[in-house]
Structure formats: C-alpha cells, structure tokens
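Residue numbers (my numbering), protein chains in the order written: chain A, 16 to 349; chain B, 134 to 632. By construction, the Cβ of each residue, glycine as well, lies at the ideal position given by its N, Cα and C atoms.
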Amino acid sequence: MSEPNPAPDLPVKKTRTFDFFDFLYKYGTILTIFILVAVFAWANPSFIQTNNLISILRSISIVTIIAIGITISLSVNGFDLSVGSVASLSNAIVISMFVWFSHNTLVAILSAIAASLIVGALNSFMIVKMKIPDMLMTLATMFIIQGIALTYTKGATVSQNMVMPDGTFAEGTISPFFAKIGQVPWIILIMVVVVIAVHIFLTYTKHGRYMYVIGGNQEAARLSGIPVNKYKIAAYLLSALFASIGGIVLASRIMTAEINAGAPYLMDSVAAAFIGFSVLGAGKPNAFGTFVGAVLIGILANGLVMMSVPYYAMDIVKGTVLAFALALTYYKQK
Amino acid sequence: MAITLEMKNISIEFPGVKALDNVDFKTETGEVHALIGANGAGKSTLMKVLSGAYHHFTGEIFLDGEKINIQSPKDAQDYGIQIVYQEVDTALIPYLSVGENIMLNETVNMGKKTFMNWKEVHRKAADILKTMNVDVSTRKLASELTLAEKQMVLIARSLLQECKFLILDEPTAPLSNKETSELFRIVRELKKQNVGVIFISHRLPELFEICDEITVMRNGQFVINEQIAQTSQNKVVEHMLGRKLEDQFPKLNVEIGETVLEVKGLHDTGKIKNMNLEVKAAEIVGLAGLVGAGKTELCKALFGAEKVKSGEIFLRGKKLKINTPYDAVKQGMALVPEERRKEGVLVTETVATNLTAASLKRFSGVFSFLNFKAEKQKAAEVITSLGIKTPSAETKVQNLSGGNQQKVAIGKWLIADADVYVFDEPTKGVDVGAKKDIFELISGLAQRGKAVIYASCELSEIIGITDRVYVIYDGEAVKELDTNSTSEEELLFYSTGGK
Numbered sequence: 016m017s018e019p020n021p022a023p024d025l026p027v028k029k030t031r032t033f034d035f036f037d038f039l040y041k042y043g044t045i046l047t048i049f050i051l052v053a054v055f056a057w058a059n060p061s062f063i064q065t066n067n068l069i070s071i072l073r074s075i076s077i078v079t080i081i082a083i084g085i086t087i088s089l090s091v092n093g094f095d096l097s098v099g100s101v102a103s104l105s106n107a108i109v110i111s112m113f114v115w116f117s118h119n120t121l122v123a124i125l126s127a128i129a130a131s132l133i134v135g136a137l138n139s140f141m142i143v144k145m146k147i148p149d150m151l152m153t154l155a156t157m158f159i160i161q162g163i164a165l166t167y168t169k170g171a172t173v174s175q176n177m178v179m180p181d182g183t184f185a186e187g188t189i190s191p192f193f194a195k196i197g198q199v200p201w202i203i204l205i206m207v208v209v210v211i212a213v214h215i216f217l218t219y220t221k222h223g224r225y226m227y228v229i230g231g232n233q234e235a236a237r238l239s240g241i242p243v244n245k246y247k248i249a250a251y252l253l254s255a256l257f258a259s260i261g262g263i264v265l266a267s268r269i270m271t272a273e274i275n276a277g278a279p280y281l282m283d284s285v286a287a288a289f290i291g292f293s294v295l296g297a298g299k300p301n302a303f304g305t306f307v308g309a310v311l312i313g314i315l316a317n318g319l320v321m322m323s324v325p326y327y328a329m330d331i332v333k334g335t336v337l338a339f340a341l342a343l344t345y346y347k348q349k
Numbered sequence: 134m135a136i137t138l139e140m141k142n143i144s145i146e147f148p149g150v151k152a153l154d155n156v157d158f159k160t161e162t163g164e165v166h167a168l169i170g171a172n173g174a175g176k177s178t179l180m181k182v183l184s185g186a187y188h189h190f191t192g193e194i195f196l197d198g199e200k201i202n203i204q205s206p207k208d209a210q211d212y213g214i215q216i217v218y219q220e221v222d223t224a225l226i227p228y229l230s231v232g233e234n235i236m237l238n239e240t241v242n243m244g245k246k247t248f249m250n251w252k253e254v255h256r257k258a259a260d261i262l263k264t265m266n267v268d269v270s271t272r273k274l275a276s277e278l279t280l281a282e283k284q285m286v287l288i289a290r291s292l293l294q295e296c297k298f299l300i301l302d303e304p305t306a307p308l309s310n311k312e313t314s315e316l317f318r319i320v321r322e323l324k325k326q327n328v329g330v331i332f333i334s335h336r337l338p339e340l341f342e343i344c345d346e347i348t349v350m351r352n353g354q355f356v357i358n359e360q361i362a363q364t365s366q367n368k369v370v371e372h373m374l375g376r377k378l379e380d381q382f383p384k385l386n387v388e389i390g391e392t393v394l395e396v397k398g399l400h401d402t403g404k405i406k407n408m409n410l411e412v413k414a415a416e417i418v419g420l421a422g423l424v425g426a427g428k429t430e431l432c433k434a435l436f437g438a439e440k441v442k443s444g445e446i447f448l449r450g451k452k453l454k455i456n457t458p459y460d461a462v463k464q465g466m467a468l469v470p471e472e473r474r475k476e477g478v479l480v481t482e483t484v485a486t487n488l489t490a491a492s493l494k495r496f497s498g499v500f501s502f503l504n505f506k507a508e509k510q511k512a513a514e515v516i517t518s519l520g521i522k523t524p525s526a527e528t529k530v531q532n533l534s535g536g537n538q539q540k541v542a543i544g545k546w547l548i549a550d551a552d553v554y555v556f557d558e559p560t561k562g563v564d565v566g567a568k569k570d571i572f573e574l575i576s577g578l579a580q581r582g583k584a585v586i587y588a589s590c591e592l593s594e595i596i597g598i599t600d601r602v603y604v605i606y607d608g609e610a611v612k613e614l615d616t617n618s619t620s621e622e623e624l625l626f627y628s629t630g631g632k
C-alpha cells in the first residue's frame, strides 16, 4: 500500500545569483593556499625561494602518492585505513631485500608490491565477500599489517651494515639506482606522473566512470549491469598498490626501514583526499583535488616550522584542517 | 458499552496531491472494521490522520460523540487510539528483549525512578502477553522473532496503554497462512475485550473472514460503508474500481512474434514459487498483482538481482546463466526497477552519465578512454526523442521531476538496446503527462519487436497496455489471462486470492 506520493516535482534549479558558500566551496582551498603563501612569505622571505618550494613539493610527494590510493578507494565509496601500514610493510620489505638478501632493485621493488597487493586482496575479499564495513575491516588490517611489518623486521630498524642477530653485519647494499628514486627531481616526477595518470583514469576512462557510478549509488550501478564487485576489488588493490609505491619511495628517501615509518602518512593522506573533494567544486574524490590538498598540508607544515612552531604541535594543525575539510564536504552534501 | 469513533469531512493535501477529500469514517469498539481500497486510495493516510501522524488536515474527529483534537501521536494514544504499522521492524529495537520492547514507553518515561526493576518489567510484559494468549518468552530478543511474533509484541505494547481502538495497517501482507490465522485469533480476542479493531488489507477473503463492517475508499474519497454480511467480494471490487479512467493508452496493432523469453519452474530463496511464464517478441506481458504479491522479486530474479534457487530461463531457446545483473545485461535483458531513486537512476550524476551507464562500452575506445563527444551526442538524441525536460545533458538527475527521472531510467536501456525489457511499476510517482509518454515508449518498444514485461499493481494500466497477463498472488502465477477478454474486476478478483 503506497501512500499518495507527494510528487517530488522539484523545479529545475537555475540560480544565477552569487552564492558565497558555493564560491568558498569551489575555490576556498586554492584561495587558502595563496593566502598561506602570502602570509608565510611576508613573515619569512626565504619561504618563497625556489629551494624551499622544491623542498615542499618533495615533502608532499609521498603523502600525495598514498593519498591517491585513498582517493581511488573513496571513489567507490569505500575507505582504506590500512595504507599507512602497507607503506611501512613495503618500506621494510624493499630495504630488507637489499640489505639482508642482496637482491637487485627489480626483485626488491616487485616483492614489496606483491606483498602489498596480497594485503589489498585480503581487504577486498573481506569487504566485498564477507560484507564487513570497509572502515572497520581496514582498521583491523592496519593493525595486522603493522604487526607483520614489525615482526618481519624483528622490531628493529633495517639499514645498511646493521648488526644481524648472529652478531655479523648485514652485507647487502642498496643500489645507487634505487637511491635516486627518493631524490629530487625523481621523487617529484613520480608524484606528478601518479597524479596525472590517476586523474586521467578516473575522469577519462570507462573504468573511472564506473567507479564513480558505484560510489554514487551501488544498487543502481548493480542494476545497470555494472560488475560492482570487480570494481570494488580493483579499487582496494589499487589503493594498496599506491600505498606500496609510497612506501618504496619513502624507503629510497630515508634509505632505512624504521619501525612504522609509514604510519604518520595515513592522517595526512586522508586529510589531503578529503580536502580534495571540494577543489574546483568537484564534489567527489578526485586526483587533482587530492594533490591540491596535499599541497595545502605541505605548505602549512613547512611554513609553520619556519615560524618556529614545534613539529610536535603539527598534528593539531593537520587534524584541524581535516575536520574543516570534512565539515565542508558533509555540510555540502546535506 | 460500545464507544463510537467518527471522522467527519477529513481532507488533507500534500504538495500537488489531494490525498484525502472530505472522507467520513465511522466505527465502534467491539467491532472489526475493514478499510479497503486500491493502492493510493488513501487508506493509510486516513489512518495516519487518526493516529496523529499528520496535523495539517481539516475536518473533525469525534470520540463517543465528543469532539477531540488529535495533533500528534501522543494525543491519539492518550485518547486510546493505537496503531501498528506495516513495517514492524521500524518500531522494534532488535537487540532488546521482548519484555523491554513491550515496556518501551514505560521504561523510557520512568519519571523520578532511577533504577530499573527488571523483574517488574518482565512480569508486566508477560501478563499482557498472557491476556492475549500469546506464548512468547519475554526474555527472547526481538531480532529472533518471526514477523507474526513481532506484530504480537507491537500489539501487546499498544494494549499496555489504554486501547479503545487498534489500527492494523496491512498486518497480513508479509505473513504466511499459519501466521495469519494466529493473528486473527488475537484480533478475535481483542474484539471480545471490547477493543475496536480497524483492519487495513488488500486481501478480500480474509476481510470477509474476520471483519464485521467494511468501508471502501477510492482516490482519496469515501465510497461506501456496509455490513460485511450484506455485501460480496465482487461488489466490493466494483466499489474499489469505480468508473474507468479515460483512455491514455496507445493501441498499436503489432504482429506478435515467436517466444523470446521462457521461464520454467523458477523458485527464488524467498517469495517466488514455481513460476512459469513466456514472453513473445513484440508482446507486452503484464504481471498483475497487489503490493507484496512478489512481482518485484520476480522481476529482480529474472534479472539476476535476486538469488534464484531453482528453475530455468531461456532466451530464444538458449538456456541462460544469470547470476548477476551484469550477466543479465550481457544476455540482452533490461530492468527498470521500482525504486527509482534508490535503484533506477544515479541521482548525484548527470543525465548523460545516467543514460550511458548501462552501455558505456559503446562510448569507449582504446584503453577504455571515453568518447565524450559521442556520449554527449547520444544523450542529446535520447533527451529529445523521449522528451526529457532538463536544462542540459550535464544537469544532475536529482534536479529533475519524478517523471523525467523515470524517462532517464528507461532511456538508459533504450541506448543499451536489449531484447527483453522488464518494467517494474514504471508509473509510480509519475505525473499524468509523463505517464502517457511512458506508455507510448513501452508500446514503441513492442512495436520494434522487443519482448516486454510490465509489472504493476495498477490494474487499469495492465488492462490498458498489455496483451496478456499473469496474475501474481503470494509469489505464484495463479492465473494467465488474455487482456482482451478480461477486466479489472477479474484481475482484482484473482489478485486478492479469489479462486
């Protein structure tokens, strides 16, 4: 028995008036970046120097790469909290392959990626087949993988010439070619390539369109004949892949595998991806927006350090920025 | 002593719809009163007015000859008017026990007391269940109950407060026969205790079994009030239908081809039992049945969107393997689902994205890059040919009206070009003008030789547009009829379980 349908005959909207909130929503992030740059440059002229700008780009590259993975999981209306741990694991594996087992660069990188994809497969199986809510499942995976990475490195930092349990020194060395990855300009180039590739993937290909459609309304997507599960699995695999690449780049940058080295990147990446929602009014997760979000966070961190804000207070700022971005996104959706 | 309840000249409007138009309704305690009408007749709305769910109605309500003012559910409850809605799960808290659910109002409004007296809660709940003659442990969790038991718990909850009149809104729709007879036992019990029961149902046989008096409504208006003993099922059906709608169905003469879709012995995991049907090329086959008869489940099962337990589906003689909608689309099936906004369209996406969602392969080339130009062109073409009223192809679908959204949902499948089109209540929530367009679209499909399945509870539409009808009742195709030689009366007779 259906009650009389109060026909949802919305008039077709056609407002030409200037909407202040709308303007802020679209351009607020970019505006904020410009304002921040101006303020920091005024406070400390060395902020605006090329060297510092490059150093900002370098500092955000790992965050951006990992955040791109999160962006893909968000595009199917999923969420991947395990990216930080996956980056740690990938970091540990790639360094250990060099240092402990004296493998070459290709083997080291491929092993790290393979291990991460297994994590992605586990995530997608549990989320798609066992129907566990994504946030909770990846929270569990986050701890599991963190533990596995710690166990694998026996709770120690892996580095060249480290002391092995049997008292000898590790003999493997990290190849000079691998060391290049984490240096300017390569690290920035990798980031740019990842951003552009994923932007094209999400915006200009059939697969990207499907992912957004699934994210918008999974049931309608399913009833349109879109293989929803396949794309959700792909999204979690891609998310793990980019987390893994982030971990590899991180390894090359610091040339060691510290415990939980990837964990701090989770917060920044999530913030970057959510800030990205609103950039230029996209209203959905998107690669370019994520990059802009990472830039915003990078500038904030860099500028605040220059203004002698202690590094340990940085989480306050980043957390606030994330809360602000979330507020903007969800308020708009209402 | 019987207490009378009278509603006079009740009218209520929703944006664009006059849901109730000067309706009168009268009943008294110690009587079971049936309220019946086709879908959208206004039965539920009238009862919602009585139970205080709406406060913007006009008209007067009298209890025992005295005018009363009902503005909120609490007012209604204070006057002893209780309602049990059809969706029982919305009123129960699944992880609380039966006792706690029954005593919910008491435990929420404890007043000055700070501590719960659990013993007391369960004793009171058990007492009330005992007076109803229901044997359910008060310690059981609500989530473990059957549907019928859940209804009992809700009835028990309403009896706990003063209950002069109890409204049951389609209580039997989800129940099995055994559960229904259990419910009827309770209703008779209540009648003995001088409670007035107002019973909304679509199923005529059971109304004649349990009710004393009947009120028929149609299109938001009161039609007639009779003693059950002095009327018959056929007469009630006539009252429900009233005069015929003016002709809005395009009648096209199309040569019907050979069998395209054949379904043999289909069972799903829930409602659908032993379904056999066939659809020929250029034929529109109706699935007639009331809400909850299993039409939607059948449509979804054909499309792979619902688990099928056994049975076979053949397309042009070839056996299909359909496990998911993805398979179904690949084999040439299309489904326009009932829940338009939830399942049919992507409200947050543009018209163009919606239109191409089911056939994106055709608009993508090497490396799956999208051909935006071709997509835009095709979208514009469909927008014009279907007369979709939208400012542009880039407008988000949520900004369109219901009828235009439905056209988008259909347009999606026109581009995909399927062999079999399944429509599930395509005119639900659609204005009259768009309805006509949709009928023309569907006839047009048949004209192009497509096999069309048209599921609806609007029997006038079934009569108007289909060539052949299967009447679905309780998950089974109980009757196959030729549309030319049947009538709404006959369809409704079989739809309500008549034999």
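- Remark: C-beta atoms of B:T402 and B:K428 do not approach each other more closely than 8 angstroms.
- B:Y603 counts as buried, since no fewer than 16 other beta carbons sit within 10 angstroms of its beta carbon.
- A:V178 sits in a strand when the DSSP states are folded into three classes.
- According to DSSP, residue pairing for B:F502 in a beta bridge involves A:T220.
- Think of a sphere of 7 angstroms around the beta carbon of A:Y219: the chain B residues whose beta carbon falls inside it are F502 and L503, in chain order.
- For B:R351, the secondary structure class from DSSP, reduced to helix, strand or coil, is strand.
- Neighbours of B:E476 in chain A, taken as residues at a C-beta separation under 9 angstroms, are given in chain order as N232, E234, A235, R237 and L238.
- In this chain, the alpha helix (DSSP H) harbouring B:L316 covers N310 to K325.
- For B:L493, the C-beta contacts it makes with chain A under 8 angstroms involve K221, R224 and Y225, in order along the chain.
- The C-alpha of A:L238 is placed about 20 angstroms away from the C-alpha of A:A250.
- Secondary structure at B:N617: helix, using DSSP grouped into helix, strand and coil.
- The Cβ-Cβ distance between B:L420 and B:I598 does not fall below 8 angstroms.
- A Cβ-Cβ distance of about 16 angstroms is found for the pair B:S589 and B:P383, leaving them out of contact under the 8 angstroms criterion.
- With the criterion set as a beta carbon lying under 9 angstroms from some beta carbon of chain B, the members of the stretch 238-254 of chain A are L238, S239, G240, I241, P242, V243, N244 and K245, in sequence order.
- Within the stretch 226-239 of chain B, no residue places its CB atom closer than 8 angstroms to a CB of chain A.
- Under the DSSP assignment, B:I446 falls in the beta strand (DSSP E) whose first and last residues are V441 to L448.
- The Cβ neighbour count for B:G353, taken over all protein chains shown within 10 Å, is at least 16; the residue is labelled buried.
- For B:A490, at least one C-beta of chain A is nearer than 8 angstroms to its own C-beta.
- Spatial neighbours of B:V387 in its own chain (CB-CB distance under 7 angstroms, excluding positions within 5 residues in sequence) are listed in chain order as A415, A579 and Q580.
- Two segments are said to touch when three or more pairs of C-beta atoms, one from each, lie closer than 8 angstroms; by this definition the stretch 70-83 of chain A touches the stretch 259-271 of chain A.
- Taking B:D552 as reference, the option from B:S628, B:I516 and B:V462 with the minimal CA-CA separation is B:V462.
- Listed by position along chain A, the residues whose Cβ is nearer than 8 angstroms to that of B:K545 are S239.
- B:F626 places its beta carbon 8 angstroms or farther from that of B:V267.
- Counting C-beta atoms within 10 angstroms of its own C-beta, A:M112 has 16 or more neighbours from the protein chains shown and is therefore classed as buried.
- Between A:I108 and A:S126 a beta carbon distance of about 6 angstroms is seen, short of the 8 angstroms cut, so the two are scored as contacting.
- With a threshold of 8 angstroms between beta carbons, A:V209 makes no contact with chain B.
- With a threshold of 16 other beta carbon atoms within 10 Å, A:R268 meets it and is buried.
- Per DSSP, B:E395 is one residue of the beta strand (DSSP E) stretching across T392 to D401.
- Under the DSSP definition of a beta bridge, B:F436 lacks any partner.
- Membership of B:E371 in the alpha helix (DSSP H) is indicated by the continuous run Q366 to L374.
- Contact with chain B is absent for A:V294, since none of that chain's Cβ atoms lies less than 8 angstroms from the residue's Cβ.
- Contact annotation: the stretch 328-345 of chain B does not touch the stretch 517-535 of chain B, with fewer than three C-beta pairs closer than 8 angstroms.
- Judged by DSSP in its simplified three-state form, B:M466 adopts strand.
- Taking A:A276 as reference, the option from A:L253, A:M206, A:F292 and A:T172 with the minimal CA-CA separation is A:T172.
- Under DSSP, A:F116 takes part in no beta bridge, so it has no partner.
- Taking 8 angstroms as the threshold, the shortest C-beta distance from B:T517 to chain A does not fall below it.
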